[in-house]
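Peer 1:
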Amino acid sequence: MKPAPFRYVRPTTLGEACAVLAAEEDARVIAGGQTLVPMLAMRLARPSTLVDIARMPGLSGIARDGDVLVIGATTRQVEAERSALVARDLPLLAAALPWVGHPPTRTRGTVGGSCANADPSAEIPLVAVTLDAEIVVEDESGPMPMLADDFFIGPMITAVPPSGILTAVRFPVWDEARIGAAFHEISARRSDFAFVSAAAQVARDAEGRCTRIALGIGGVGDRPVKLDVSGLIGTALDAATVAAAVHAAAAALEATSDLHASADYRRRVAVTLGARAIADAAANIQAKEGGR
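Encoded structure:
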C-alpha cells in the first residue's frame, strides 16, 4: 500500500513546528520515522501534515548537566548506543539499546521518537520509567518537564499536548561508585516486540550490600512500570531474597492477554526476568571489578 496524501513541512524553529501542530489537529511530528512510516504505508495513520523535526537545531546531542545526562529528542539511537557518556553514566540504557529493533532501524530511530510513540514493550521508555527520567515537552508556552511515569499514559498515548513536541529526555546519573545494570526480554524472535522485559540497575557497597536499586517491567500491561523493591536495600541480594521481593512487588501487576501471551504467563515471566535482571546487574559489578 501507499500512504494517503499529506502535506510535508520542515520548520526551522520549534515555535514554527508548534504553530503547525496547533493549527492542524491531524498534523504529526516525524523524526526517525521507524514507526510512523510503516503506519503511513499501511494507512493506519493518515495525518494531514507531517512536521519533520529531524534536522531542527538544538534537539540532538548527549551532554552531562550536573547529576543528569540529557539526550536530545532527535538523537539517533545508534549515537546513544555508541556513546562513551551513556556507557559511563547510564549503564542501564547502554544495556537496553542493543535490544531496540535492528541495527539498521537504530541508525534512523531516535531516542525521543521511541518515547513519543509509547509502545508498552519499547525498551527506551522502560529505562526512562525505571530510572525516574524527566521528559521535556515544549509548546508555544515553553518547556513542560514531567516524570516519565506521568508521561506514559497507555498504549501509544502520552501526556504531550496537541501542539507540543518532545524535545529531550533527562536521565538521572547515579553517583554511587559500584553500579551494575542488566536488561532482559522475551520475544518470538530477537528484536521483535517483547512479550515481557525487565530492566534493573543496582549499586552495592564494598561489602556487597545493596545501597540502591531500581527495577522496571515492560510489555506486561499498557505501559512500562517501576516495581518497588526497596526492601532489598541493605541485603546481599541473595537469590532467595531477590526472588521473594520481586514476587511480592509484581503481585499487583496489571497484565494483558493477546495472541502472543496470556496475562498469567506475562506475570510469571515478569517475576523470573525481574529476579534475573537484578542478579545479573549485581554480577555485572563484580565482573567490572575483575572478580574481586
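For the sequence shown, counting from 1, position 204 maps to 204 in full-length UniProt numbering; every step adds exactly one. All C-beta atoms, glycine included, are put in the ideal place defined by N, C-alpha and C.
In the DSSP assignment, find the beta strand (DSSP E) that holds Q201 and state where it starts and stops.
Peer 2: Taking the first residue of the sequence shown as position 1, residue 201 is located at position 201. Segment 196-204, the beta strand (DSSP E) holding Q201.
Peer 1: In its own chain, which residues sit with a C-beta less than 6 Å from the C-beta of residue 295, not counting the 5 before and 5 after it?
Peer 2: Only positions 1 to 292 of the chain appear in this structure, which leaves residue 295 out of reach.
Peer 1: D280 to A181, Cα distance in whole Å?
Peer 2: The sequence position of residue 280 within the sequence shown is 280, counting from 1. The sequence position of residue 181 within the sequence shown is 181, counting from 1. For the pair D280 and A181, the Cα-to-Cα distance works out to about 7 Å.
Peer 1: Quick one: grab the DSSP three-state call for A182.
Peer 2: Within the sequence shown, numbered from 1, the residue matching residue 182 stands at position 182. Three-state result, A182: strand.
Peer 1: What did DSSP end up calling M56 once you bin it into helix, strand or coil?
Peer 2: The residue labelled residue 56 in the question sits at position 56 within the sequence shown. Residue state, collapsed to three classes: coil.
Peer 1: Just to confirm my understanding: we take G32, look at its own chain, exclude 5 residues before and 5 after, and list those with CB closer than 6 Å. What are they?
Peer 2: Residue 32 sits at position 32 when you count from the first residue of the sequence shown. So the qualifying residues of the chain are R108, G109, T110, G113.
Peer 1: Taking the DSSP output, what are the residues bridged to residue 330?
Peer 2: Only positions 1 to 292 of the chain appear in this structure, which leaves residue 330 out of reach.
Peer 1: Cα-Cα, which of V68, V78, V86, A116 is closest to G101?
Peer 2: Counted from its first residue, the sequence shown places residue 101 at position 101. Selected option, being the one with the closest Cα: V78.
Peer 1: Going by CA-CA distance only, name the one from G66, D65, S60, V68 that's closest to A80.
Peer 2: As a first step, residue 80 must be located in the sequence shown, where it is residue number 80. When only C-alpha atoms are compared, the closest one is S60.
Peer 1: Between which residues of its own chain and S83 is the CB-CB distance below 6 Å, once the five residues before and five after are set aside?
Peer 2: Along the sequence shown, read from residue 1 onward, the residue named residue 83 stands at position 83. I62, listed in sequence order.
Peer 1: Kindly identify the DSSP beta-bridge partner or partners of M42.
Peer 2: What you label residue 42 is simply residue 42 of the sequence shown in a count that begins at 1. M42 is not bridged to any residue.
Peer 1: Between S191, P5, G142, which has its C-alpha nearest E123's C-alpha?
Peer 2: Counting from 1 along the sequence shown, the entry for residue 123 is found at position 123. Comparing Cα positions, the closest option is S191.
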